Each structure stands twice: as structure tokens, then as C-alpha cells.
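Take a look at the structure set out below.
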Amino acid sequence: MKEKYYKIAVFRFDPLKDTAHRFDHYTVPASKANTVLDALIYIRDYIDGTLAFRASCRQGRCGSCAMHINGRYGLACEVRLVPGQNRVRPLGQMPIIKDLMVDMERFWEKYEAIKPYLVRRSNEAAQTYANRRKIEKTVDCILCGACFSACMMTGMNSGFHGPAAFVVMNRFLLDERDALRDQRLEIVKGENGVFRCHSMYNCNEACPKNIKPAENILEIKKNID
Ligand code: FES
Numbered sequence: 039m040k041e042k043y044y045k046i047a048v049f050r051f052d053p054l055k056d057t058a059h060r061f062d063h064y065t066v067p068a069s070k071a072n073t074v075l076d077a078l079i080y081i082r083d084y085i086d087g088t089l090a091f092r093a094s095c096r097q098g099r100c101g102s103c104a105m106h107i108n109g110r111y112g113l114a115c116e117v118r119l120v121p122g123q124n125r126v127r128p129l130g131q132m133p134i135i136k137d138l139m140v141d142m143e144r145f146w147e148k149y150e151a152i153k154p155y156l157v158r159r160s161n162e163a164a165q166t167y168a169n170r171r172k173i174e175k176t177v178d179c180i181l182c183g184a185c186f187s188a189c190m191m192t193g194m195n196s197g198f199h200g201p202a203a204f205v206v207m208n209r210f211l212l213d214e215r216d217a218l219r220d221q222r223l224e225i226v227k228g229e230n231g232v233f234r235c236h237s238m239y240n241c242n243e244a245c246p247k248n249i250k251p252a253e254n255i256l257e258i259k260k261n262i263d
């Protein structure tokens, strides 16, 4: 039987050598690739060993393979190749290290700034089942950066915390065991806080885990007098 192939155009840019980006075109056998990540691994292993991208778990859990695929954000290990032309670009709003790898330092800085950990009110403070159900919608965030990348405000304002940080913030605001509620709200009241969000919902559209960051931001706003 005749072998089936997928076509994929991959964003290439090496800031140390290139003055402009380009798309390189590859053909990948369907017997070797099902997902976009399979195709990238095939290209790196058999066609061009210089292709740079991040990936780890290959099962949609670590968040490292987020990129812009065929017109929308997604996880390369979860998005299937489509017949005809496929096209991949790196996450936006962050400097390119090489090809599909971006420098996520600003993303992690903003994440750390919201104190992404539980500080218990007391050692005895246990979580009720009902409260655990309440935070369920936030804990699936895998910090892939797709929402940060899709957000207009993170692009326009480098001080803006961004949707993922606010999702994690809301996770702790909802947690009945947490002692930092007032401190957390103080952080997001500020100039680069939640009221900078214009509810464009690009983050909801980008999230591969359907977390709806925009709704989390609205919930945080309701906590602020
Ligand atoms: S490789 Fe971990 S989410 Fe894709």
C-alpha cells in the first residue's frame, strides 16, 4: 500500500544567526507521526537535528509543548496532524530562544509574584470535600503559557500578571485553608492587577485544558471592594 504523508511548515529562527524568521517545509510519513509533536520529533531525529522545541511527558500533562498550531494554541502532543498542510509557530509575547522554544522567564516571574503556594491558617485547618470541589476548575492548569501568549494585555503591558497567574491566584483565594487572602488581594488590586484585564476571552480560547481563565479573573474582581 502507498505510504501516506503529512506536510508541516515549521517556524524557524535562530536569533544568533538569522535576521528574520522563515517557515521550513517538511514531509513526514503518517506511519511515524500521529500528533504534531510526533512530526517534530521525526524531523529532529531524521531530517534536521538543529530543530529546537520543548516537550517532555507526551501526554498533555507537563505543558512544555504548547505552541501555535494551525491557527490556534494547543499542546503539540495532543493535536493531531491534519491532512494537507500543517503549520506551527512558537508561543507569542515571549522572546524566541530558537525555533519553537521561547524564553518564559517573564511568565514564571509573574507566576511567582502571586505566591503560588498554600499558607495554612493553622495546622488543623482541613479542607472539606465541598471546598475541594470548588477549586477543581483551577487545579487542572498545567502552566503551559498558552493563555499568557494569547492575551493582548500581556503583550501591551509587561507588568501585567497574565491569565495563568490569576487562575492560580483564584485557586488559593477559593481555598478555605489559606491564610494569605488579604495579601493576595492586595497584589491583584494594583496597577497591573485584574482590572487591567479587558475580558477579551482570548485566554479561554487558548487554554488546552478548558480552564476558562477569564472567568477566574472575573471571580477575583468580585472579591475586591
Ligand atoms: S509534552 Fe507534556 S504537555 Fe505535551
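Mapping the sequence shown onto my numbering, position 127 (from 1) lands on 165, and the numbers just tick up by one.
We put the CB at the ideal spot given by N, CA and C, even for glycine.
A quick note: this is a predicted structure, and the numbers were derived from the prediction, not measured.
Any heavy atom of the ligand FES within a distance shorter than 8 angstroms of the CB on residue 102? Along the sequence shown, read from residue 1 onward, the residue named residue 102 stands at position 64. True, at least one ligand heavy atom lies under 8 angstroms from that Cβ.
Since I believe residue 113 is in contact with residue 126 (beta carbons under 8 angstroms), could you give me their beta-carbon distance rounded to a whole number of angstroms? The residue you call residue 126 lines up with position 88 of the sequence shown. The residue you call residue 113 lines up with position 75 of the sequence shown. Not quite, the Cβ-Cβ distance comes to about 12 angstroms (not below 8 angstroms), so this is no contact.
CA-to-CA distance, residue 103 to residue 162, given in whole angstroms: Stepping through the sequence shown from its first residue, residue 162 is reached at position 124. Stepping through the sequence shown from its first residue, residue 103 is reached at position 65. Computed Cα separation, rounded: 39 angstroms.
May I have the straight-line CA-CA distance separating residue 129 from residue 197, to the nearest angstrom? Position 91 of the sequence shown, counting from 1, holds the residue named residue 129. Position 159 of the sequence shown, counting from 1, holds the residue named residue 197. Approximately 18 angstroms between the Cα atoms of the pair.
Euclidean distance between Cα positions of residue 72 and residue 119: Position 34 of the sequence shown holds residue 72. Position 81 of the sequence shown holds residue 119. Approximately 6 angstroms between the Cα atoms of the pair.
From 216, 209, 231 and 262, residue whose alpha carbon lies closest to that of residue 249: The sequence position of residue 249 within the sequence shown is 211, counting from 1. Of the candidates 216, 209, 231 and 262, the one whose C-alpha sits nearest the C-alpha of residue 249 is 209.
May I have the straight-line CA-CA distance separating residue 67 from residue 60, to the nearest angstrom? Here residue 67 is taken as the residue at index 29 of the sequence shown, counted from 1. Here residue 60 is taken as the residue at index 22 of the sequence shown, counted from 1. Spanning the two alpha carbons is a distance of roughly 23 angstroms.
Given 8 angstroms as the limit, tell me if residue 241 has its C-beta closer than that to any heavy atom belonging to the ligand FES. The sequence position of residue 241 within the sequence shown is 203, counting from 1. Residue 241: no, Cβ never under 8 angstroms from the ligand FES.
Close Cβ partners of residue 151 (< 8 angstroms) along its chain, the five nearest in sequence each way excluded: Residue numbering aside, residue 151 sits at position 113 when the sequence shown is read from its first letter. Answer for residue 151: 199, 203 and 225, listed in chain order.
Let's see if you can read the secondary structure: which residues bound the alpha helix (DSSP H) around residue 25? The question about residue 25 has no answer, for the chain in this structure spans 39 to 263.
Cβ separation of residue 189 and residue 240, assumed to be a contact under 8 angstroms, to the nearest whole Å: For the purposes of this step, residue 189 is identified with residue 151 of the sequence shown, where counting begins at 1. For the purposes of this step, residue 240 is identified with residue 202 of the sequence shown, where counting begins at 1. Indeed, because the Cβ distance is near 6 angstroms, the residues count as touching under 8 angstroms.
Within the same chain, show all residues whose beta-carbon is closer than 7 angstroms to that of residue 154, passing over the 5 residues directly before and after it, in chain order. One-based indexing of the sequence shown puts residue 154 at position 116. Taken in chain order, the residues that qualify are 206.
Identify every residue that forms a DSSP beta bridge with residue 74. Taking the sequence shown and counting its residues from 1, one reaches residue 74 at position 36. Partner(s): none; residue 74 has no beta bridge.
Considering Cα atoms alone, identify which of 201, 116 and 215 is closest to residue 164. For the purposes of this step, residue 164 is taken as residue 126 along the sequence shown, with counting starting at 1. Per the Cα distances, 215.
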